[in-house]
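Enquirer:
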Amino acid sequence: MAFDYQPLWLSIRLALVTTILLLVIGVPLSSFLAFRSFRFKPVVEAIISLPLVLPPSVLGFYLLVAFSPNNFLGRVLQNNFDLRLIFSFPGLVVGSMIYSLPFMLHPLQAGFQALPGGLREASYSLGKSKWQTLLRVLIPNIKPALLTGIVLTFAHTLGEFGVVLMIGGNVEGKTRVASIAIYDEVESLHFHAAHIYSIVLLFISFVILLIAYSLNKRLFKS
Amino acid sequence: MIRIAVQKKLVMADGVKTLSVDTEIAFGEFVVLFGKSGSGKTSLLRIISGLLKPEEGKIACGDEIWLDTRNKINLPIQKRRIGFVFQDLALFPNMTIKENLLFAAGKERDDAYLCRLLRMTNMESFSQSKPQTLSGGQQQRVAIIRALARKPRLLLLDEPFSSLDPQMSEHLRKELKTIHREFNLTTLLVSHESTDIYGTADRAMEVKEAKILESGRPGMEPGNEHLAGEGSYKGRILQIYKSDLGYILEILSGDTVLRLPVDEESITVLKPGIMVLISSKNFHLHIQPLSCLQ
Numbered sequence: 298m299a300f301d302y303q304p305l306w307l308s309i310r311l312a313l314v315t316t317i318l319l320l321v322i323g324v325p326l327s328s329f330l331a332f333r334s335f336r337f338k339p340v341v342e343a344i345i346s347l348p349l350v351l352p353p354s355v356l357g358f359y360l361l362v363a364f365s366p367n368n369f370l371g372r373v374l375q376n377n378f379d380l381r382l383i384f385s386f387p388g389l390v391v392g393s394m395i396y397s398l399p400f401m402l403h404p405l406q407a408g409f410q411a412l413p414g415g416l417r418e419a420s421y422s423l424g425k426s427k428w429q430t431l432l433r434v435l436i437p438n439i440k441p442a443l444l445t446g447i448v449l450t451f452a453h454t455l456g457e458f459g460v461v462l463m464i465g466g467n468v469e470g471k472t473r474v475a476s477i478a479i480y481d482e483v484e485s486l487h488f489h490a491a492h493i494y495s496i497v498l499l500f501i502s503f504v505i506l507l508i509a510y511s512l513n514k515r516l517f518k519s
Numbered sequence: 041m042i043r044i045a046v047q048k049k050l051v052m053a054d055g056v057k058t059l060s061v062d063t064e065i066a067f068g069e070f071v072v073l074f075g076k077s078g079s080g081k082t083s084l085l086r087i088i089s090g091l092l093k094p095e096e097g098k099i100a101c102g103d104e105i106w107l108d109t110r111n112k113i114n115l116p117i118q119k120r121r122i123g124f125v126f127q128d129l130a131l132f133p134n135m136t137i138k139e140n141l142l143f144a145a146g147k148e149r150d151d152a153y154l155c156r157l158l159r160m161t162n163m164e165s166f167s168q169s170k171p172q173t174l175s176g177g178q179q180q181r182v183a184i185i186r187a188l189a190r191k192p193r194l195l196l197l198d199e200p201f202s203s204l205d206p207q208m209s210e211h212l213r214k215e216l217k218t219i220h221r222e223f224n225l226t227t228l229l230v231s232h233e234s235t236d237i238y239g240t241a242d243r244a245m246e247v248k249e250a251k252i253l254e255s256g257r258p259g260m261e262p263g264n265e266h267l268a269g270e271g272s273y274k275g276r277i278l279q280i281y282k283s284d285l286g287y288i289l290e291i292l293s294g295d296t297v298l299r300l301p302v303d304e305e306s307i308t309v310l311k312p313g314i315m316v317l318i319s320s321k322n323f324h325l326h327i328q329p330l331s332c333l334q
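These protein sequence lines map, in sequence, to chains A and B.
The numbering of the first sequence is the working numbering, which starts it at 298 and goes up by one.
The numbering of the second sequence is the working numbering, which starts it at 41 and goes up by one.
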């Protein structure tokens, strides 16, 4: 039987899309959490951190129930946007984004909080808006934190299993990512294929971390 | 004329106090606001800049209303056209000195003016350097010229010289005074050092327990009346160092630094930082400690 590379590509695509989307959402959200204090902030922070402690199957189960066309949210998405999130790639992206959210947010929030408070106020005093300040002053000064957020999110999404299995199942070419494929191949006693998937995932994970640590060293030096 | 009349509750070391200020600053004036740490002077600076909102009050810069709590006007800091030199300087580490200035100047930048600022502070050759590679005094200069890059109507400085050694701060104080005069600025400087008042300010205001206590014109302060006939001056000891003849006292009086020789016996009661009265009587120099003005 020819080896099927598709699960690997799917894993990489899922990790890339999730990381890019989380970066776009994560930067403004983490700066908001870093600099603003409001009454229910601990509640918001606790919700964002939940995926760190929750078994992925629990999160996957609730997402499966929520996205099901038999229930309100799933019905609204299907009827109004023609979007079906269970057993589909977009569903995996949404699930992964929720699951990996703390891995992007925490480093960014810590990075923003570690900046001297005067930088923001100095930029405001020079007539710059909040967005100008974020883009020109704050983000360029948290590069190591950005890199950590990107790497952790990418690597975490790549190795995701429980959430993907619950809401994506094992649909070839759509939701059958590498981690699911390994499980599947082992169940079918195809150890050779499982070995290939595993070694590739191991290699990619190692290389990503290696690049991150080398880059971080250079960033810190500069 | 900048008119400031504000009230703001502040949490201080000895409980909640209401900062209550009602004062005016004329355009072109150099005002030093001094007082002990925690007296509320930095809070007042933050209120004027728009970083802190008072419960009640009005701030007007000429005919422009910056704050009027009754009419719910509160111009954000971005629109107040102020230059703010922060205590920690807050230079942008990701930008070079030139980039810091260009970012500050924004779209309506005046290159000739920026070059003049760099030249006046002798920072031209450092324009391509990153702030973290500069010395403390050089960073301070950049912070001042960056605050001036967009031609502010009011320059605010929060303890700008507190982290520098006495010579460097004395040097920069003079430089700031020159810049103030040259560009016809309106300047408000916050300090807990009374050295910042003498020789620098047109007017000094003391903030004590959240209230402005006194407002006067400092300069070469005349001393005790019974010695006045012989001429006497107040000053602050910047440092004491040993020389071949004994000891040298470096005293800042007005805008002049005096170096006076003293014997070993005299320096037992004289320490750097204290205010002294310098007088001459029968061709002898007398240097007596005064109770600190702060």
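Note that CB positions come from ideal geometry on N, CA and C, so glycine has one too.
Predicted model only: the values in this text are computed from it and were never measured.
Name the one or two DSSP bridge partners that Asp-19/B has.
Expert: This structure leaves residue 19/B out entirely; chain B is present only between 41 and 334.
Enquirer: Taking 7 Å as the threshold (beta carbon to beta carbon), is Val-230/B in contact with chain A?
Expert: Cβ-Cβ to chain A under 7 Å: no for Val-230/B.
Enquirer: Which stretch, first to last residue, makes up the alpha helix (DSSP H) that contains Ser-420/A?
Expert: Segment 414 to 422, the alpha helix (DSSP H) holding Ser-420/A.
Enquirer: In angstroms, rounded to a whole number, what distance separates the CA positions of Leu-267/B and Lys-76/B?
Expert: Model confidence at Leu-267/B stands at a pLDDT of 33, short of 50, so the residue's coordinates are unreliable and nothing is read from them.
Enquirer: For Lys-514/A, return the contacting residues in chain B, with the cut-off set at a CB-CB distance below 8 Å.
Expert: Under the 8 Å cutoff, chain B gives no residues; its nearest Cβ is about 18 Å from Lys-514/A.
Enquirer: What does a CB cutoff of less than 8 Å around Thr-58/B pick up in its chain, not counting 5 residues either side in sequence?
Expert: Around Thr-58/B: Gln-47, Lys-48, Lys-49, Leu-50, Ala-250.
Enquirer: Quick check on Gly-415/A - is its C-beta less than 7 Å from some C-beta in chain B?
Expert: True, the Cβ-Cβ gap to chain B drops below 7 Å.
Enquirer: Could you check which residue in Asn-368/A, Ile-309/A, Phe-409/A has the C-alpha nearest to that of Leu-326/A?
Expert: Selected option, being the one with the closest Cα: Phe-409/A.
Enquirer: Would you mind stating whether Leu-84/B and Val-61/B have Cβ atoms separated by less than 7 Å?
Expert: Result yes, Cβ atoms of Leu-84/B and Val-61/B sit closer than 7 Å.
Enquirer: So if DSSP puts Lys-48/B in a beta bridge, which residue, or which two residues, is it bridged to?
Expert: Partner(s): Leu-59/B.
Enquirer: Once the 5 residues before and after Ser-203/B are set aside, which same chain residues still bring their CB inside 7 Å of it?
Expert: Around Ser-203/B: Gly-176.
Enquirer: On the three-state DSSP scale, how would you describe Val-468/A?
Expert: Note: Val-468/A maps to coil in three-state DSSP.
Enquirer: Rounded to whole angstroms, what is the Cα-Cα separation between Met-463/A and Leu-402/A?
Expert: In a straight line, the C-alpha of Met-463/A is about 24 Å away from that of Leu-402/A.
Enquirer: Anything in the stretch 103 to 121 of chain B with a Cβ closer than 9 Å to a Cβ of chain A? List those residues in chain order, please.
Expert: Answer set for the stretch 103 to 121 of chain B: Pro-116, Ile-117, Gln-118, Lys-119, Arg-120, Arg-121.
Enquirer: Using the rule of at least 16 other Cβ atoms within 10 Å of the residue's Cβ for burial, across every protein chain shown, is Ile-42/B buried or exposed?
Expert: Ile-42/B is buried by the Cβ-count criterion.
Enquirer: Could you compute how far the alpha carbon of Phe-67/B sits from the alpha carbon of Arg-213/B?
Expert: About 20 Å.
Enquirer: What are the residues of the stretch 419 to 453 of chain A that lie near chain B, defined by any Cβ-Cβ distance shorter than 8 Å?
Expert: Result list: Ala-419, Ser-420, Tyr-421, Ser-422, Leu-423, Gly-424, Lys-425, Ser-426, Arg-433, Val-434, Pro-437, Asn-438.
Enquirer: Give, in chain order, every residue of the stretch 186 to 206 of chain B whose Cβ lies closer than 7 Å to some Cβ of chain A.
Expert: Result list: Arg-190.
Enquirer: Distance cutoff 7 Å, beta carbons only. Does Phe-223/B sit that close to anything in chain A?
Expert: So no, Phe-223/B is outside the interface.
Enquirer: Counting pairs of beta carbons, one from the stretch 157 to 171 of chain B and one from the stretch 194 to 201 of chain B, are three or more of them closer than 8 Å?
Expert: The stretch 157 to 171 of chain B vs the stretch 194 to 201 of chain B: no contact.
Enquirer: In chain order, what residues of the same chain have a beta carbon less than 7 Å from the beta carbon of Ser-365/A, not counting five sequence neighbours either side?
Expert: Once the five neighbours on either side are set aside, the close Cβ partners of Ser-365/A are Gly-371, Ile-383.
Enquirer: If we define contact as Cβ-Cβ less than 7 Å, is Asn-140/B a contact residue for chain A?
Expert: Answer no: the Cβ-Cβ gap between Asn-140/B and chain A never drops below 7 Å.
Enquirer: For Ser-308/A, does the three-state DSSP call read helix, strand or coil?
Expert: Here Ser-308/A sits in helix by DSSP.
Enquirer: Exposed or buried, which one is Ala-396/A when buried takes at least 16 other CB atoms within 10 Å?
Expert: According to the sequence displayed, residue 396/A carries Tyr and not Ala. Per the 10 Å Cβ criterion, buried.
Enquirer: Using a Cβ-Cβ cutoff of less than 6 Å, which residues in the same chain neighbour Val-125/B once the five nearest sequence positions on both sides are dropped?
Expert: Excluding positions up to five away in sequence, the list reads Ala-183, Ile-184, Ala-187, Leu-197, Pro-200.
Enquirer: My parser needs the alpha helix (DSSP H) runs of 4 or more residues fully inside the stretch 105 to 137 of chain B; what are they?
Expert: For the stretch 105 to 137 of chain B, not a single whole alpha helix (DSSP H) run of length 4 or above is found.
Enquirer: For chain A, is any of its Cβ atoms less than 7 Å away from the one on Asp-128/B?
Expert: By this cut-off, Asp-128/B is an interface position.
Enquirer: Tell me, please, whether the CB atom of Leu-91/B is closer than 7 Å to any CB atom in chain A?
Expert: For Leu-91/B, the answer is yes, since a Cβ of chain A falls inside 7 Å of its Cβ.
Enquirer: Beta carbons nearer than 8 Å to chain A: which residues of the stretch 140 to 160 of chain B have them?
Expert: Taking 8 Å as the Cβ-Cβ cut-off against chain A, the residues of the stretch 140 to 160 of chain B that qualify are Phe-143, Ala-144, Gly-146.
Enquirer: Whose C-beta lies closer than 6 Å to the C-beta of Tyr-494/A among residues of the same chain, with five residues either side of it excluded?
Expert: For Tyr-494/A, where only same-chain residues beyond five positions count, the Cβ hits under 6 Å are Ala-475, Ala-478, Ile-479.
Enquirer: Is the Cβ of Asn-162/B closer than 7 Å to any Cβ of chain A?
Expert: No, no contact with chain A.
Enquirer: Give me the Cα-Cα distance between Gln-336/B and Lys-514/A, rounded to the nearest whole angstrom.
Expert: Because residue 336/B is not part of the residues shown, which for chain B are 41 to 334, the question remains open.
Enquirer: Alpha carbon to alpha carbon, how far is Val-302/B from Glu-139/B?
Expert: The alpha-carbon atoms of Val-302/B and Glu-139/B are separated by roughly 49 Å.
Enquirer: Taking Cβ-Cβ distances shorter than 9 Å, what residues in chain A pair up with Phe-166/B?
Expert: Within 9 Å Cβ-Cβ: nothing; Phe-166/B doesn't reach chain A, min ~18 Å.
Enquirer: What's the call for Ile-87/B, buried or exposed, on a 16-neighbour Cβ count within 10 Å?
Expert: Counting Cβ neighbours within 10 Å, Ile-87/B comes out buried, since at least 16 surround it.
Enquirer: Does Ile-317/A pass the burial test, meaning 16 or more other C-beta atoms within 10 Å, or should it be called exposed?
Expert: Exposed, since its Cβ has fewer than 16 Cβ neighbours within 10 Å.
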